[in-house]
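Enquirer:
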Amino acid sequence: MCDNASREVGQKHEKEGYTEEERAELAAKLEQELDDWIDSCEKPYTEGWPEDRWEEEMEKHPFFMSRVSDDPTQVSPLIEGLQQLKYGEEYNTPDELAQSYKEDGNFNYKHKKYTQAVYIYTKDCRSALQFSPQYIKPMHTAAKCCLELKNNDQCIQFCNQILNILKKENKQDDEILKLRDARMKEARERKLKETQEKIKKAIDLKKINIDNDSNLFPDSQWSVHLQSDGSLVWPVIFAYPENNQTDFVENFEETTSMKAQLEEIFKESPAWDGDQNYKVDKLNVYFAGKDKKLHRINIDQSLGSILQHKQYIVNNGTPVFFVVIAKSKVEHAFLESYR
């Protein structure tokens, strides 16, 4: 457009035989017309993408981007809007949704975007199940997808659905059964580990000494555990040197006093106490400290307070106490054995 205007300016002033005065006047006029023409030309476009970054900016636009984040939870509002159009239940039938997820899953798998593919395959299976809740094939795929995503709870749920359907048909799927059992075991172990970490933290906060070379949680159904109020419950052994007998208290709450626990133990005289000498008010209770000495305890104290004694160390997750008749020959001999 600018070239055409330039030719028009030149043609407009063609004439032969100009005087010097006319030439000067024409030159000034042409110069002014040129300035006016330049001013009238369109200004350059400044609101678009910078020339040196246009590819980068285009990649950010939902309509032109060639890939999205591998993390399916990190999507922009625009992309989410487009996904709603493609995957929204109000715009698509269950069959259409399942087909869309399947195609997208195949695409991502083909391009080695496995995390994204597994995520989409899971969506595909759930949509297919909405379309046909008793269809086992998508449940199979969904269970395996949940396995890859480390979603054990959902994996177990799909496995149970499959096994329940097959049970009604007197069939069995050994692969799914093994997968379910393995995930359940893994879930139990994870939960146990989390619980044990909470217990260790509670013990540290209460400043109870634990023998690090022993097992705080021995292979037994009875081990230290937490109550809902944050208090600890311990398995405890009571040893009676005079009679070579022991009592195992499975659940000794740390808030319970030693005296109260002994009263419970000797509510009825044990068979080995024929003379009925073991009365709570006639007993002394000791523990062997880390200094290799015996320490007598105040039985009015709670178990929790006793375990916080600076000399007490819990071995193998089970506190041990020695019970003897006060001022007896057995007590004297027992004390001498630790000197």
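Numbering (full-length UniProt numbering), first residue to last: 1 to 339.
All C-beta atoms in this analysis are idealised placements derived from N, C-alpha and C, irrespective of residue type, glycine included.
Given the structure is predicted, the values throughout are model-derived calculations rather than measurements.
Bridge partners of Val233, per DSSP?
Expert: If you number the sequence shown from 1, residue 233 lands on position 233. For Val233, which the question treats as bridged, DSSP gives the partners His225 and Glu253.
Enquirer: Going by CA-CA distance only, name the one from Arg339, Gln261 and Lys171 that's closest to His295.
Expert: If you number the sequence shown from 1, residue 295 lands on position 295. Selected option, being the one with the closest Cα: Arg339.
Enquirer: Could you work out which residue in Phe334, Lys207 and Glu197 is closest to Ala288 when comparing CA atoms only?
Expert: Within the sequence shown, the letter at position 288 stands for residue 288. Ranking the options by Cα distance to Ala288, first place goes to Phe334.
Enquirer: In angstroms, rounded to a whole number, what distance separates the CA positions of Gln308 and Lys327?
Expert: Indexing the sequence shown from 1 puts residue 308 at position 308. Indexing the sequence shown from 1 puts residue 327 at position 327. Those two C-alpha atoms are separated by around 27 Å.
Enquirer: At which residue ranges does the UniProt domain "Cns1/TTC4 wheel" (229-337) contain complete alpha helix (DSSP H) runs of 4 or more residues, listed in the order of the chain?
Expert: If we require 4 residues or more, the alpha helix (DSSP H) runs fully inside the UniProt domain "Cns1/TTC4 wheel" (229-337) come out as 258-265, 303-307 and 329-336.
Enquirer: Indicate the three-state DSSP secondary structure (helix, strand or coil) for Ile210 in the structure shown.
Expert: Reading the sequence shown from its first residue, position 210 is the one you call residue 210. Strand.
Enquirer: From Val330 to Val285, what distance separates their C-alpha atoms?
Expert: Residue numbering aside, residue 330 sits at position 330 when the sequence shown is read from its first letter. Residue numbering aside, residue 285 sits at position 285 when the sequence shown is read from its first letter. When rounded, the distance between both Cα atoms is 13 Å.
Enquirer: Under 7 Å Cβ to Cβ from Ile199, same chain only, skipping five residues before and after it: list those, please.
Expert: As a working note, residue 199 is residue 199 in the sequence shown. Closer than 7 Å at the Cβ level, and outside the excluded window around Ile199, lie Val224, His225 and Leu226.
Enquirer: With DSSP collapsed to three states, give me the class of residue 342.
Expert: Past the edges of the chain, shown from 1 to 339, lies residue 342, and the structure says nothing about it.
Enquirer: Any idea if Arg188 is buried or exposed, counting beta-carbon neighbours within 10 angstroms, 16 or more meaning buried?
Expert: Looking up residue 188 in the sequence shown gives position 188. With fewer than 16 Cβ atoms within 10 Å of its Cβ, Arg188 is classed as exposed.
Enquirer: Using DSSP with H/G/I as helix, E/B as strand and the rest coil, what is Asp153?
Expert: Translated into positions along the sequence shown, residue 153 becomes position 153. It is helical.
Enquirer: Compare the C-alpha of Ser305 against each of Ala239, Ile237 and Asn209 and name the closest.
Expert: By 1-based counting over the sequence shown, the position of residue 305 is 305. Among Ala239, Ile237 and Asn209, the Cα nearest to that of Ser305 is on Asn209.
Enquirer: Can you tell me whether DSSP reads Arg188 as helix, strand or coil?
Expert: Position 188 of the sequence shown, counting from 1, holds the residue named residue 188. Helix.
Enquirer: With DSSP collapsed to three states, give me the class of Glu194.
Expert: Locating residue 194 in the sequence shown gives position 194, counting from the first residue. Reduced to three states, the DSSP call for Glu194 is helix.
Enquirer: Report, in whole angstroms, the separation of the C-beta atoms of Trp222 and Asn243, which I expect to be a contact under 8 Å.
Expert: Position 222 of the sequence shown, counted from the first residue, corresponds to residue 222. Position 243 of the sequence shown, counted from the first residue, corresponds to residue 243. 23 Å between Cβ atoms; not a contact.
Enquirer: On the premise that Ile165 lies in contact with His140, defined as a C-beta separation below 8 Å, what is that separation, rounded to the nearest angstrom?
Expert: One-based indexing of the sequence shown puts residue 140 at position 140. One-based indexing of the sequence shown puts residue 165 at position 165. Between Ile165 and His140 the Cβ distance is about 11 Å, and since that is not below 8 Å, they are no contact.
Enquirer: So what's Glu31 in DSSP terms, helix, strand or just coil?
Expert: To locate residue 31, count along the sequence shown from 1; it is residue 31. Glu31: helix per DSSP, three-state reduction.
Enquirer: Rank Leu283, Glu254 and Glu250 by C-alpha distance to the C-alpha of Phe266 and give the top, closest one.
Expert: By one-based count along the sequence shown, residue 266 stands at place 266. The shortest C-alpha separation from Phe266 is found at Leu283.
Enquirer: For chain B, find out if any of its Cβ atoms is closer than 8 Å to the Cβ of Asp273; answer yes or no.
Expert: Here chain B cannot be found, since the structure has a single protein chain.
Enquirer: For the 8 Å Cβ check, are there 3 or more pairs between the segment 147-154 and the segment 170-177?
Expert: Flag = no, the segment 147-154 and the segment 170-177 do not touch.
Enquirer: Our contact map puts Pro241 next to Thr318 with C-beta atoms below 8 Å; I'd like the distance itself, whole angstroms only.
Expert: Here residue 241 is taken as the residue at index 241 of the sequence shown, counted from 1. Here residue 318 is taken as the residue at index 318 of the sequence shown, counted from 1. In fact, because the Cβ distance is near 18 Å, the residues do not count as touching under 8 Å.
Enquirer: Could you check the C-alpha separation between Glu31 and Glu21 for me, to the nearest Å?
Expert: Position 31 of the sequence shown, counted from the start, is the residue given in the question as residue 31. Position 21 of the sequence shown, counted from the start, is the residue given in the question as residue 21. Those two C-alpha atoms are separated by around 16 Å.
Enquirer: Quick one: measure Cβ to Cβ for Ser228 and Thr255, integer angstroms, because I've assumed they're closer than 8 Å.
Expert: By one-based count along the sequence shown, residue 228 stands at place 228. By one-based count along the sequence shown, residue 255 stands at place 255. In fact, because the Cβ distance is near 13 Å, the residues do not count as touching under 8 Å.
Enquirer: Using DSSP with H/G/I as helix, E/B as strand and the rest coil, what is residue 385?
Expert: Since the displayed the chain opens at 1 and closes at 339, residue 385 lies outside it and no answer follows.
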